[in-house]
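Participant: Have a look at this one.
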């Protein structure tokens with residue numbers, strides 16, 4: 271059975287382990303500093319493309335995409351033993367990149383279109399919940415990503 275067919279089967283044998291890159295930058299005494307964290311929602315850490323992804327308890331749920339662009343998503347992550355609280359308190363802009371997913375055979379498939387920036391954060395004692403909005407470029411009257419001179423003559 272291929273990984274794709276396992277993904278859509280409902281027998282419970284497939285679990286999706288995401289590799290995420292959560293980061294933000296802030297200014298401290300005149301210089302820009304960056305907080306970067308890389309996690310995998312699995313019991314064991316792994317490395318991918320030269321980066322180490324630490325095993326962490328989190329749940330990522332992407333929203334449906336629109337015109338092939340990010341529809342946003344929700345990340346609920348444990349704040350115990352990592353820098354998530356420091357990231358939330360210091361950084362004004364936080365970015366979440368979904369780097370890839372680990373298939374049931376241990377291979378990692380790279381994902382390129384899941385990158386979120388805008389949204390809200392709610393933090394309690396154990397978890398931080400990031401609610402990322404859909405791509406704001408879709409709110410434009412004639413988004414350049416969708417409309418061009420071929421399919422919207424006279425208006426672009």
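Numbering (the numbering used here), first residue to last: 271 to 426. All C-beta atoms in this analysis are idealised placements derived from N, C-alpha and C, irrespective of residue type, glycine included.
Would you mind stating whether residue 286 and residue 369 have Cβ atoms separated by less than 9 Å?
Facilitator: Result no, Cβ atoms of residue 286 and residue 369 do not sit closer than 9 Å.
Participant: Note the first and the last residue of the continuous beta strand (DSSP E) segment covering residue 289.
Facilitator: Element bounds for residue 289: 287-298.
Participant: By DSSP's criteria, residue 392 is part of a beta bridge. Which residues make up the other side?
Facilitator: DSSP, once it has assigned bridges, lists 399 as partnering residue 392.
Participant: Does the contact criterion of 3 or more C-beta pairs under 8 Å hold for the stretch 380-396 versus the stretch 357-367?
Facilitator: With the cut-off at 8 Å, the stretch 380-396 and the stretch 357-367 touch.
Participant: Which residues does DSSP pair with residue 356 in a beta bridge?
Facilitator: Looking at the DSSP assignment, residue 356 forms no beta bridge with any residue, so it has no partner.
Participant: Among the residues of its own chain, which have a CB less than 6 Å from the CB of residue 380, if the five just before and after it don't count?
Facilitator: Cβ within range, chain order: 370.
Participant: In terms of residue numbering, what span does the beta strand (DSSP E) encompassing residue 303 cover?
Facilitator: 301-310 is the span of the beta strand (DSSP E), which, as asked, contains residue 303.
Participant: How far does the beta strand (DSSP E) with residue 363 in it extend, from its first residue to its last?
Facilitator: Note, residue 363: beta strand (DSSP E), 363-372.
Participant: Using a Cβ-Cβ cutoff of less than 6 Å, which residues in the same chain neighbour residue 403 once the five nearest sequence positions on both sides are dropped?
Facilitator: For residue 403, where only same-chain residues beyond five positions count, the Cβ hits under 6 Å are 342, 388 and 389.
Participant: Bridge partners of residue 385, per DSSP?
Facilitator: Bridge partners of residue 385: 367.
Participant: Excluding five sequence neighbours on each side, which residues of the same chain lie with their C-beta closer than 7 Å to the C-beta of residue 325?
Facilitator: Within the same chain, residue 325 has close Cβ partners 310, 312, 313, 314 and 315.
Participant: List the endpoints of the continuous beta strand (DSSP E) containing residue 334.
Facilitator: Per DSSP, residue 334 belongs to no beta strand (DSSP E) and is neither H nor E.
Participant: Can you tell me the Cβ-Cβ gap for residue 349 and residue 401, rounded? I've got them flagged as a contact below 8 Å.
Facilitator: Their Cβ separation, rounded to whole angstroms, is 16 Å, which puts residue 349 and residue 401 out of contact at 8 Å.
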